[in-house]
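*Asks:*
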Amino acid sequence: MRWQTVRTVLGKELRETIRDRRTLFMMLVLPTLLYPAMLVLIQQIAIFGQRQLSAAPAKVAVAGADPALVRFMDGDSAIRVFGAERATVAAVREGNVEAAVVLDAAPAAAAGSREARILYDATDDRSRRAQELAAARLDAWGDTLLAARLRGAGLPESFATPLAVADSSVATAEEAGGYTLGRFLPLILVLMTLLGTFYPAIDMAAGEKERGTLETLLTAPVPAAEIVAGKFAAVALIGLAAAVANLASMLLTFQSGIFRLGAAAELRFTLPPGAALLVFVALVPLAVLFAAAFLGLALRAQSFKEAQNALTPAQLAATLPLLVVTLPGIDFTPALALFPVVGVAMFFRELMTGDPPLIPSVLAVLSTGGYAALALVFASRAFGREEVLFGGGSGEAPRGGGWGERIRAWRAADRGIPLPAEAMAFIAAVALLFFHLGPRLQGGLGEGGLLASQWLLLALPALAFAALGPYDWRRTLAVRAPAPRTLLAAGMIALGGIPVGWSIVWLEMQLFEGGLESLVPLQELLTAADARRALWLFFIAALTPAVCEELVFRGVLLQSLGREMRGWHAVALSAGIFGAFHLSFETALRFLPTAFIGLLMGWVVWHSRSVFASMLMHFINNAFVVLLLWQPAVQRLAFRGESLSWPTVAGGALLLALGVWMLPRRADPVVPTPAPEGV
Amino acid sequence: MIEFESLSKAYGGFVAVRGLSLRVAPGEVYALLGANGAGKTTALRCLATLLAPTEGTARIGGFDARTQPLEVRRRLGFLAASMGLYARLTPRELLRYFARLQGVDERRIEARVEAMVERFAIGDFADRLCGRLSTGQRQRVSIARAAVHDAPALVLDEPTLGLDVLSGQAIYDFVADARGRGRAVLFSTHHMSEVELLADRVGILAGGRLVEEGTADEIVARSGEANLARAFLRIAREAA
Chain A
20 MRWQTVRTVL GKELRETIRD RRTLFMMLVL PTLLYPAMLV LIQQIAIFGQ
70 RQLSAAPAKV AVAGADPALV RFMDGDSAIR VFGAERATVA AVREGNVEAA
120 VVLDAAPAAA AGSREARILY DATDDRSRRA QELAAARLDA WGDTLLAARL
170 RGAGLPESFA TPLAVADSSV ATAEEAGGYT LGRFLPLILV LMTLLGTFYP
220 AIDMAAGEKE RGTLETLLTA PVPAAEIVAG KFAAVALIGL AAAVANLASM
270 LLTFQSGIFR LGAAAELRFT LPPGAALLVF VALVPLAVLF AAAFLGLALR
320 AQSFKEAQNA LTPAQLAATL PLLVVTLPGI DFTPALALFP VVGVAMFFRE
370 LMTGDPPLIP SVLAVLSTGG YAALALVFAS RAFGREEVLF GGGSGEAPRG
420 GGWGERIRAW RAADRGIPLP AEAMAFIAAV ALLFFHLGPR LQGGLGEGGL
470 LASQWLLLAL PALAFAALGP YDWRRTLAVR APAPRTLLAA GMIALGGIPV
520 GWSIVWLEMQ LFEGGLESLV PLQELLTAAD ARRALWLFFI AALTPAVCEE
570 LVFRGVLLQS LGREMRGWHA VALSAGIFGA FHLSFETALR FLPTAFIGLL
620 MGWVVWHSRS VFASMLMHFI NNAFVVLLLW QPAVQRLAFR GESLSWPTVA
670 GGALLLALGV WMLPRRADPV VPTPAPEGV
Chain B
663 MIEFESLSKA YGGFVAVRGL SLRVAPGEVY ALLGANGAGK TTALRCLATL
713 LAPTEGTARI GGFDARTQPL EVRRRLGFLA ASMGLYARLT PRELLRYFAR
763 LQGVDERRIE ARVEAMVERF AIGDFADRLC GRLSTGQRQR VSIARAAVHD
813 APALVLDEPT LGLDVLSGQA IYDFVADARG RGRAVLFSTH HMSEVELLAD
863 RVGILAGGRL VEEGTADEIV ARSGEANLAR AFLRIAREAA
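Those sequence lines, one after another, are chains A and B. Under our numbering, residues 20 to 698 are what the first sequence spells out, in order. Under our numbering, residues 663 to 902 are what the second sequence spells out, in order.
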């Protein structure tokens with residue numbers, strides 16, 4: 020690689036970026052203003068809210084109280100006491116009073132106790148304040164009564180408190196500030212680094228394509244790798260500059276002491292120079308990761324708009340998991356450190372709170388570097404490929420007209436296999452149906468509903484889509500008789516893949532605690548007590564999903580993705596979507612093993628072009644679960660006590676490898692290139 | 663200097679160029695005529711190393727576009743239909759950038775850039791951002807960019823598309839000058855007047871095939887039509 024060329028491209032990209040107001044705003048202006056503005060805003064909102072809340076006394080109704088207690092309550096200027104007629108749930112709910120104190124009847128015995136219940140609305144700030152004020156006043160009244168009783172009995176006041184508990188935080192003001200601010204400042208820092216790379220990546224890749232400059236650039240006598248290196252370096256530098264601008268602004272804002280909120284709350288935020296340097300060191304691979312990933316995605320888009328559409332989900336996927344950083348009780352474990360983006364954000368949090376653990380910190384920085392390298396490979400592989408440079412998606416001109424005209428034109432077109440965009444729209448519609456109607460069917464009809472949801476919400480839409488659209492339904496669904504050797508290989512891959520899949524679950528359990536308990540209902544459903552029940556379970560839990568889900572995922576989805584993507588990419592993406600389809604709110608554990616089996620099934624279908632091969636694999640996989648839960652002999656094969664049977668896992672891996680070796684390969688794995696414009 | 667030898671290019675099942683063979687000698691101007699979708703841009707992109715031929719070869723100066731792309735690009739001045747200017751660079755900065763990428767000696771870059779500024783009369787707007795230039799001004803900058811490294815082969819994809827008469831004249835002057843200095847020029851166009859004015863030889867592409875080749879006069883004579891436009895229409899219809 021000639022660095023002279025890389026420098027030339029880098030210099031030109033930086034020069035153009037500096038002249039782009041939008042990027043400059045995101046890179047420098049926004050961070051410079053963001054933190055002071057944010058702090059002032061928070062401060063003003065807090066002050067305003069506090070003033071609003073304390074502007075008027077809390078309206079508290081009291082029922083069943085002695086006149087002395089009523090007078091005592093009324094003695095607090097922050098409370099305005101109302102009569103017993105308003106001490107009802109309805110009055111509190113309607114806002115006639117903010118809280119109500121309802122006392123039991125006075126005890127007959129002098130040493131008896133009575134309950135004072137405070138009614139309030141926990142979702143209303145004024146009501147919560149009234150509850151706090153009333154509770155504090157009642158506590159004080161209780162203390163007065165207790166003191167009188169003790170005096171009557173001739174006992175000292177200390178008699179009632181043999182152990183007085185007091186607490187005092189040993190955290191310094193800096194540590195307290197770090198604890199509070201460290202929960203959200205890392206999130207902002209990562210987000211701003213991401214935003215710093217977002218527009219430059221789109222502009223330098225898809226923007227250059229849209230403006231037609233890329234074609235000219237690629238006729239210069241320099242390797243594509245040198246151009247992409249220059250562009251990547253520019254995006255990464257801009258991202259890093261944005262991150263540094265953010266870091267500097269953040270430090271100046273929170274360490275300057277000119278803002279009253281921190282001082283008033285006795286919170287101070289300081290980041291020692293060493294820690295600030297470490298934040299910077301960790302920002303480098305993070306900026307590289309964002310730059311390479313976004314550049315790789317943007318290069319695959321044909322226009323600025325298309326790139327924005329492609330990068331927005333990626334941006335969300337990168338930022339949503341960051342909420343973990345703000346949650347209490349989340350420790351910076353080695354497993355968490357390995358999570359892309361989250362790991363490095365956790366490292367920032369620990370640096371800001373004061374004492375980052377060594378191993379997770381090193382893991383977070385190194386793994387981010389590793390992910391950045393992978394993203395760089397992803398970006399560089401896009402550059403120079405003609406279908407990426409001139410792809411134009413489907414190669415079809417956009418159509419105008421109303422919806423009726425569009426549908427007629429869609430039906431009249433002859434595509435053979437659906438376009439990836441059409442298949443993704445189909446998957447989205449099926450997911451919507453399946454996740455909204457499926458649980459209702461299952462809730463209403465039990466196991467019958469399970470069957471109905473599979474056949475009516477998956478298989479039927481897939482068949483209708485393939486048959487009614489302008490497609491060759493056989494190719495769309497991969498309906499092709501497999502060779503006997505293919506079926507044998509598919510069976511071996513499925514059987515061998517099962518114990519390998521267990522080892523993935525085992526590994527997940529080592530890294531993340533818990534999760535299995537949420538699978539108990541599924542386990543109960545799939546446990547057969549006798550052969551008759553087992554046969555039924557084989558039908559509803561193995562055969563049915565094998566047919567219905569395969570038509571959707573290895574049929575419509577994989578075949579359409581394979582139309583415009585490389586084989587492995589199509590298989591991996593369809594497997595990822597298949598895994599995501601099996602995610603539940605209770606557990607994420609099922610994603611990886613399901614995606615793994617999806618990968619195996621996709622690979623077999625890609626080579627055999629037969630959905631029947633994956634139906635067989637899917638059936639074997641699910642039927643084995645029923646068998647495992649039913650037959651103790653199979654359980655002994657799978658487990659040794661509480662642990663996995665590793666010889667079985669090793670045997671499975673061997674069988675899997677043998678199946679892969681046996682599978683007849685596809686003769687023409689080359690992906691057809693769509694025709695560009697201006698043929 | 664420029665050679666196509668049995669070149670074919672397919673996109674999946676669609677064949678855009680079929681067995682194209684033609685040669686352009688140094689000092690010769692060759693016009694590639696064809697309707698939209700005839701395969702002109704694909705053929706030129708194969709020569710410019712932007713697309714890989716499915717079969718056959720495209721060569722410049724004896725170097726194969728597929729196996730020796732960098733050697734081919736060193737000898738190529740390429741003007742794409744889209745002009746390819748950076749909106750946030752000035753013409754001077756753009757010329758410097760491409761001169762560097764094209765491997766012009768660092769000590770000669772400034773002199774070369776100034777020569778282009780003078781040759782294509784872009785001095786008045788040489789320090790204005792390209793995004794603020796008129797279409798004609800941008801096309802002059804584009805030509806200067808394609809000529810900055812003084813390549814022996816020039817490939818121009820519809821160079822006068824969307825230009826007014828005055829701006830088009832700058833292209834004609836440039837092509838005539840290049841021929842005078844022994845450069846091989848291959849350009850694609852729809853305009854018969856350009857072909858008659860500039861081209862030494864003409865090739866007509868239809869359905870991806872080279873269906874006719876010769877001087878404009880020869881093609882008109884063989885077709886039995888009165889002029890090149892009618893001859894082209896007849897040949898294109900017959901080929902369809």
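Just so it is clear, CB atoms sit at the ideal spot from N, CA and C, and this is done for glycine as well.
Among A:I616, A:G488, A:A657, A:H626, which one has its Cα closest to the Cα of L675 (chain A)?
*Replies:* If we check each option's Cα against that of L675 (chain A), A:I616 comes out closest.
*Asks:* P240 (chain A) versus chain B: which residues are under 7 Å apart at the beta carbon?
*Replies:* Residues of chain B passing the Cβ test: L732, R735, R736, Q764, G765.
*Asks:* Report yes or no: is there a C-beta of chain A within less than 7 Å of the C-beta of Y834 (chain B)?
*Replies:* It does not: the Cβ of Y834 (chain B) has no partner Cβ on chain A nearer than 7 Å.
*Asks:* When we look at the beta-carbon of H637 (chain A) and count the other beta-carbons within 10 Å, is it buried (16 or more) or exposed?
*Replies:* Counting Cβ neighbours within 10 Å, H637 (chain A) comes out buried, since at least 16 surround it.
*Asks:* Apart from the five residues on each side of it in sequence, which residues of its chain come closer than 6 Å, Cβ to Cβ, to L280 (chain A)?
*Replies:* With a pLDDT of only 49 at L280 (chain A), under the threshold of 50, the placement of this residue in the model should not be trusted; the figure read from the coordinates follows. Only Q62 meet the Cβ criterion.
*Asks:* With distances taken Cα to Cα, identify the nearest neighbour of G201 (chain A) among A:F273, A:L556, A:L682, A:T142.
*Replies:* Considering only alpha carbons, the answer is A:F273.
*Asks:* List, in chain order, every chain B residue whose beta-carbon is nearer than 9 Å to that of G231 (chain A).
*Replies:* Result: A742, A743, S744, M745, G746, L747.
*Asks:* Mind listing which residues of the segment 698-727 of chain B have their C-beta closer than 9 Å to chain A's C-betas, in chain order?
*Replies:* If the cut-off is 9 Å between Cβ atoms, the segment 698-727 of chain B has N698, G699, A700, G701, K702, T703, T704, R707, A710, T711, L712, L713, A714 near chain A.
*Asks:* Starting from S850 (chain B), trace the beta strand (DSSP E) both ways and give me its first and last residue.
*Replies:* Looking at the DSSP string, the run of the beta strand (DSSP E) that includes S850 (chain B) is 846-851.
*Asks:* Could you give the distance in angstroms between the alpha-carbon of L476 (chain A) and the alpha-carbon of A697 (chain B)?
*Replies:* Their backbone Cα atoms lie some 48 Å apart in a straight line.
*Asks:* L237 (chain A) CB to nearest chain B CB: under 7 Å?
*Replies:* Judged by the 7 Å Cβ criterion, L237 (chain A) is in contact with chain B.
*Asks:* Under 8 Å, CB to CB, which of the residues in the segment 754-785 of chain B have a partner in chain A?
*Replies:* Under the 8 Å Cβ criterion, the segment 754-785 of chain B contributes E755, Y759, F760, R762, L763, Q764, G765.
*Asks:* Taking the alpha carbon of V679 (chain A) as the reference point, which residue from A:A447, A:L618, A:G581 has its own alpha carbon closest?
*Replies:* The candidate whose alpha carbon is nearest that of V679 (chain A) is A:L618.
*Asks:* How many Å lie between A560 (chain A) and I378 (chain A) at the Cα?
*Replies:* Each residue's Cα considered, the two are about 43 Å apart.
*Asks:* For the beta strand (DSSP E) that L236 (chain A) lies in, which residues bound it at each end?
*Replies:* Element bounds for L236 (chain A): not the beta strand (DSSP E) but the alpha helix (DSSP H), 232-236.
*Asks:* Roughly how many angstroms separate the alpha carbons of L370 (chain A) and F610 (chain A), rounded to a whole number?
*Replies:* About 32 Å.
*Asks:* Beta carbons nearer than 9 Å to chain B: which residues of the segment 27-61 of chain A have them?
*Replies:* Under the 9 Å Cβ criterion, the segment 27-61 of chain A contributes T27, V28, G30, K31, R34, E35, T36, I37, R38, D39.
*Asks:* Along the segment 849-864 of chain B, what residues have a CB closer than 9 Å to any CB found in chain A?
*Replies:* Cβ contacts with chain A come from no residue of the segment 849-864 of chain B.
*Asks:* Would E245 (chain A) pass as an interface residue toward chain B - the criterion being a Cβ-Cβ separation below 7 Å?
*Replies:* No - not a single Cβ of chain B is within 7 Å of the one on E245 (chain A).
*Asks:* Applying a beta-carbon distance threshold of less than 8 Å, which residues of chain A neighbour L751 (chain B)?
*Replies:* Ordered by position in chain A, the residues that pass the 8 Å Cβ test against L751 (chain B) are K31, R34, E35.
*Asks:* Leaving out five residues on either side along the sequence, give the residues of the same chain with a beta carbon under 6 Å from the beta carbon of F725 (chain B).
*Replies:* Around F725 (chain B): E733, V734.
*Asks:* Does the beta-carbon distance from L633 (chain A) to E568 (chain A) come in below 7 Å?
*Replies:* For the sequence presented, residue 633 (chain A) should be read as Ser rather than Leu. Their beta carbons are not under 7 Å apart, which means S633 (chain A) does not touch E568 (chain A) by this criterion.
*Asks:* How would you list, in chain order, the residues of chain B whose beta-carbon sits under 7 Å from the beta-carbon of E234 (chain A)?
*Replies:* L712, A742, S744, G746, listed in chain order.
*Asks:* Taking the alpha helix (DSSP H) that R319 (chain A) belongs to, which residues open and close that run?
*Replies:* It is not in any alpha helix (DSSP H) - R319 (chain A) carries neither H nor E in the DSSP assignment.
*Asks:* Go ahead and label P753 (chain B) buried or exposed: buried means 16 or more other beta carbons lie within 10 angstroms of its beta carbon, across all protein chains shown.
*Replies:* Buried.
*Asks:* May I ask whether a heavy atom of the ligand FMN can be found less than 6 Å away from the beta carbon of T716 (chain B)?
*Replies:* Judged by which ligands are present, the structure shown has none, so any question about the ligand FMN falls away.
*Asks:* Nearest to I257 (chain A) by alpha carbon, out of A:Q23, A:I221, A:W625?
*Replies:* When only C-alpha atoms are compared, the closest one is A:I221.
*Asks:* If you run the structure through DSSP and keep just helix, strand and coil, what is A394 (chain A)?
*Replies:* Three-state DSSP puts A394 (chain A) in a helix.
*Asks:* If you draw a straight line from the C-alpha of G746 (chain B) to the C-alpha of E880 (chain B), how long is it?
*Replies:* For G746 (chain B) and E880 (chain B), the distance between alpha carbons rounds to 36 Å.
*Asks:* Quick one: list the residues of chain B neighbouring T495 (chain A), beta-carbon separation under 8 Å, in chain order.
*Replies:* In chain order: nothing, as chain B lies at least about 17 Å away.
*Asks:* Rounded to whole angstroms, what's the CA-CA distance from T331 (chain A) to G681 (chain B)? Just pull it up for me.
*Replies:* If you take the alpha carbons of T331 (chain A) and G681 (chain B), they lie about 44 Å apart.
*Asks:* Leaving aside the five residues before and after A502 (chain A) along the sequence, list all residues of the same chain whose C-beta is less than 7 Å from its C-beta, in chain order.
*Replies:* Counting only Cβ-Cβ distances below 7 Å, and skipping sequence neighbours, we find P683.
*Asks:* May I ask you to report which of helix, strand or coil DSSP gives G724 (chain B)?
*Replies:* G724 (chain B): coil per DSSP, three-state reduction.
*Asks:* Compute the Euclidean distance between the alpha carbons of G510 (chain A) and V644 (chain A), then round it to the nearest angstrom.
*Replies:* One C-alpha to the other measures close to 15 Å.
*Asks:* Specify the secondary structure class of I866 (chain B) as computed by DSSP and reduced to three states.
*Replies:* I866 (chain B): strand per DSSP, three-state reduction.
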